[in-house]
Every structure is written in C-alpha cells, then in structure tokens.
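Student: One structure, pasted below without further comment.
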Amino acid sequence: MNADNWFVLGVDLGSTTAKAAVVDRDGELRGADVVQMGAVSPAAVARAIDGALRAAAVSRDEIRWTVSTGYGRKLVPGADRSYTEITCHARGAAALRPGVRLVIDIGGQDSKAIIVDDEGLVDRFAMNDRCASGTGRFFDVLARALEAEIEEVGELALAGSDTLEVSSMCATFAETEVISLLAQGRSKADVAASVHRAVAARTLGLVAQVGRVFPAVMTGGVAKNPAALHYVSQALRHPVELLEQPQIAGAYGAGLLARDEYLGTAAARSERDAAAGEQVAATAAAVTPHCLDCDGVLAQPADAGPVPIELRRSAP
Ligand code: ADP
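Under UniProt numbering, think of the first position of the sequence shown as 1, with each following residue one higher.
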C-alpha cells in the first residue's frame, strides 16, 4: 500500500437504496455502487461499500475518512461525520455538472429543489417529505398498477399521449384511478404519460418556492426515468440536464465532503449544514397536509406545494 495514495468514502443511506462512492485525493469519483433495500438496513450499506471499493479497486485500509448522508445517515457504521442530503446532493451535483444552479433531487420518499451557489454550497431549498406525490414512491405505485418494471415506466410514458385527465395526486388513490382508466380501455402508455405530466406539476410547485434558475439537473433515482426528466423539463419550460449517474450524486457529494474534512477545509460547509439541518427539522415538525386527511383529490393548487423554507446564507 502506498501511504500517499489515500481515498475517502461517501455513503448515502436512503429510504429505498444504499449508495456508496469512493473518491480519491483529487476529488475524482473512482467507483460507486447502488444497492436496493427492502427496508433501511446496515447490511445493505455494507454491500454498497464493498461494491464501491471493488469498482474502484481500493482496499478498506486505504480509506481515510467516511461521511454519511441520507435518511438513514445516523445508522451508517464507521461514519466519521454525517451531513444532510441537501448539502451532499448540492455538492455532488455541482461537481458532476460545474456551473449548475438548480438541483432537483427526487428520491424514493421525498423530493427537493436546491439552489446552489458558485462553490457548490446550498443557497436555499424547498422539500416535500410529507406526500408521496412527486416522489419515487408514486412512480413505484404507478409501475405496480401498470404491471410494469420501474425501469420500463419512463419509456412506456414517452410512447403515449398525455391528454388523459388524472385528478388524484395521492399515491393510494392514484393506483385506483390508474386501474379504472385501464379498465375503460385506455392504453398503458397513455395512462403512464398522463400521470407523469400530472406529477411534474408537483415538481414545478417545489421549484417555484426556490426560484426557476438554470442550468438545472435532476438527481436521485427518479432521474433515471426518462419521462420524469422530459415532463419536468416541459413543466419548467426549460431543459433539465441528465447526469451520467444521478442516483449517486449524494454519495459522491458526501465523498467530496469527506475529502474536505480530511484536508481540513470543511468549516464553511459544516456551518451551512447545521443551518440546513435545523430547517429540515422545522419542516418535519411543521403542520403540512397529511395522507390520512387527504381525500385523494388535489386539494391545493399545484404550485402551493409544501411548507416553504429558506436557508439563510451564513456570514463568510
Ligand atoms: P432514496 O435515496 O430515497 O433511497 P433513490 O434516490 O435511490 O431514493 O430513488 C429511488 C427511486 O428511484 C425509486 O423509488 C424508483 O421510483 C426510482 N428508480 C430507481 N431506479 C430507476 C430506474 N432505473 N428507472 C426509473 N426509476 C427508477
């Protein structure tokens, strides 16, 4: 082992997948892995880390520092530090797409719109973690109702016409509505296209809270769905760019923060992340529409969205 040859690890333990990324001393992504989970599980984290190390051809004892992020970030064994996924997605996306201003992260259980500054730091953000609409869970429900794999839903939607009226934006009721449209003889492609168009309005509502600025990229697993990218671009009336590996943007960002920490240059981000953490906690505590109270009809206008939140810039 060469002592000068060191690496760091970023681990993103989400609600549905565990992701790990190995980053080298120059900040380059050397290898990554994504592991599907049934439930948040440390075993899935171990598999993702092993996969990333294998992909990078790096051994465990060459890893100097580990940063965790994501919904289950406090459950990642061996993490030296954790950051919110807002900070990590911003940092990862800014490295994968230099100059990016807007990051739309759609994961399994939540969605976020993040405005990023020149240095890849979070300027402000809005988050929806209260309602499945506009998250990966909604598309998972759609796939089940269409009897399709999640990987097929996007192509199916792109082949259809998006003119059907989809009134229900609640995941539970949407499944019933999709089944009913299919029973009326509507094609799977048309139903898929119409649902994607309706869901994109939710994302537009989230973006409206932080500002419609460009260039924009989409991160998270839903970015792998080509119809999600198409319809969100259409709703924003501007192309949203596709990253090569959108699902590992958070893990890569965590790896870059691990590198900053190891080099001792993480102070500014650390301060920002503490502020972001407080805002996330405040959102979770805020009174927002709850699933059980929802009658299945889109009660608020599409651009009302969740509770608006703003992250103040800290002094330099
Ligand atoms: P989390 O970090 O919350 O675990 P991810 O960012 O990994 O979530 O995103 C998971 C979601 O991404 C799934 O719910 C699924 O809807 C979507 N997804 C994952 N892979 C694909 C794919 N190949 N095509 C379309 N959608 C996908």
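Even for Gly, the Cβ is constructed at its ideal location relative to N, Cα and C.
What is the DSSP secondary structure of PHE7, reduced to helix, strand or coil?
Tutor: DSSP places PHE7 in strand when its eight states are reduced to three.
Student: From the DSSP output, read off the bridge partner residues of VAL76.
Tutor: VAL76 pairs with nothing; no bridge assigned.
Student: Measure how close the beta-carbons of residue 317 and VAL199 come, nearest whole angstrom, since I'm counting them as under 8 Å.
Tutor: Any question about residue 317 goes unanswered here, given that the chain covers just 1 to 316.
Student: Using the Cβ count rule (16 or more neighbours within 10 Å means buried), how would you classify ARG312?
Tutor: Confidence in ARG312 is poor, its pLDDT being 34 and thus under 50, which makes the residue's placement too unreliable to answer from.
Student: Return yes when the C-beta of THR172 is under 6 Å from any heavy atom of ligand 1, and no when it is not.
Tutor: Every heavy atom of ligand 1 is 6 Å or more from the Cβ of THR172, so no.
Student: Would you say the beta carbon of GLY72 comes nearer than 6 Å to a heavy atom of ligand 1?
Tutor: No, the beta carbon of GLY72 sits no closer than 6 Å to any heavy atom of ligand 1.
Student: Out of curiosity, what's the CA-to-CA distance linking LEU142 and ALA148?
Tutor: Taking the straight line from one Cα to the other gives about 9 Å.
Student: Whole-angstrom Cβ separation of ARG64 and VAL8, contact assumed at under 8 Å?
Tutor: That pair is a contact at about 6 Å.
Student: When you compare only the Cα positions, how much space is there between ALA159 and ALA249?
Tutor: Looking at the two C-alpha atoms, the distance is approximately 28 Å.
Student: For the beta strand (DSSP E) containing ALA148, name the first residue and the last one.
Tutor: Neither: ALA148 is in no beta strand (DSSP E) and is coded neither H nor E.
Student: Would you call the stretch 214 to 230 in contact with the stretch 98 to 107, where contact means no fewer than 3 C-beta pairs closer than 8 Å?
Tutor: Segments in contact, yes.
Student: Is ILE114 near ligand 1, judged by its Cβ being under 6 Å from some heavy atom?
Tutor: For ligand 1, not one heavy atom lies less than 6 Å from the Cβ of ILE114.
Student: Could you check if LYS188 belongs to the surroundings of ligand 1, using beta carbon to heavy atom distance under 6 Å?
Tutor: No; taking the cut-off as 6 Å, the Cβ of LYS188 has no heavy atom of ligand 1 nearer than that.
Student: Since VAL22 is in the beta strand (DSSP E), which residue starts that stretch and which ends it?
Tutor: First-last of the beta strand (DSSP E) with VAL22: 17 to 24.
Student: Between which residues of its own chain and ASP295 is the CB-CB distance below 7 Å, once the five residues before and five after are set aside?
Tutor: Because ASP295 carries a pLDDT of 40, less than 50, the predicted location of this residue cannot be relied on, and no value is offered for it.
Student: Among VAL34, THR66, ASP33, LEU13, whose alpha-carbon lies nearest the alpha-carbon of PRO42?
Tutor: Selected option, being the one with the closest Cα: LEU13.
Student: Just mark ILE49 as buried or exposed, buried being the case when its beta carbon has 16 or more other beta carbons within 10 Å.
Tutor: So ILE49 counts as buried.
Student: Apply the 10 Å Cβ neighbour rule to THR176 and answer buried if 16 or more other Cβ atoms are within range, or exposed otherwise.
Tutor: With fewer than 16 Cβ atoms within 10 Å of its Cβ, THR176 is classed as exposed.
Student: Could you give the distance in angstroms between the alpha-carbon of GLY79 and the alpha-carbon of LEU257?
Tutor: Reading off the sequence, residue 79 comes out as Ala, not Gly. ALA79 and LEU257: Cα-Cα distance of roughly 12 Å.
Student: Can you check DSSP and say which residues form a bridge with ASN128?
Tutor: According to DSSP, which records beta bridges pairwise, ASN128 is partnered with SER111.
Student: How far does the alpha helix (DSSP H) with THR219 in it extend, from its first residue to its last?
Tutor: Where THR219 is concerned, there is no enclosing alpha helix (DSSP H), although the beta strand (DSSP E) it sits in stretches over 216 to 219.
Student: Would you check if the distance between the CB atom of TYR252 and the CB atom of ALA21 is smaller than 7 Å?
Tutor: Contact: yes.
Student: Let me check understanding here. Comparing Cα to Cα, which of GLU278, MET127, ALA39 lies closest to LEU204?
Tutor: Cα-wise, what sits closest to LEU204 is MET127.
Student: Please report the residue range of the alpha helix (DSSP H) in which ALA52 lies.
Tutor: 42 to 56 is the span of the alpha helix (DSSP H), which, as asked, contains ALA52.
Student: By DSSP, does GLY264 sit in helix, in strand, or in coil?
Tutor: DSSP places GLY264 in coil when its eight states are reduced to three.
Student: State the Cα-Cα distance for the pair ALA32 and ALA55, rounded to the nearest angstrom.
Tutor: The straight-line gap from Cα to Cα measures roughly 6 Å.
Student: So ARG197 and ASP162 are in contact, right, with Cβ under 8 Å, and what is the actual spacing, rounded?
Tutor: Their Cβ separation, rounded to whole angstroms, is 4 Å, which keeps ARG197 and ASP162 in contact under 8 Å.
Student: When the distance is taken between beta carbons, is ASP117 closer than 7 Å to ASP123?
Tutor: Yes, the Cβ-Cβ distance between ASP123 and ASP117 is below 7 Å.
Student: Please check the pair ALA145 and VAL178, which I expect to be a contact at CB under 8 Å, by giving their CB distance rounded to whole angstroms.
Tutor: Confirmed, Cβ separation roughly 4 Å.
Student: Helix, strand or coil for GLU62 per DSSP?
Tutor: Helix.
Student: Based on Cα-Cα distance, which residue from PRO215, PRO77, ARG73 lies nearest to CYS88?
Tutor: For CYS88, the nearest C-alpha among the options comes from ARG73.
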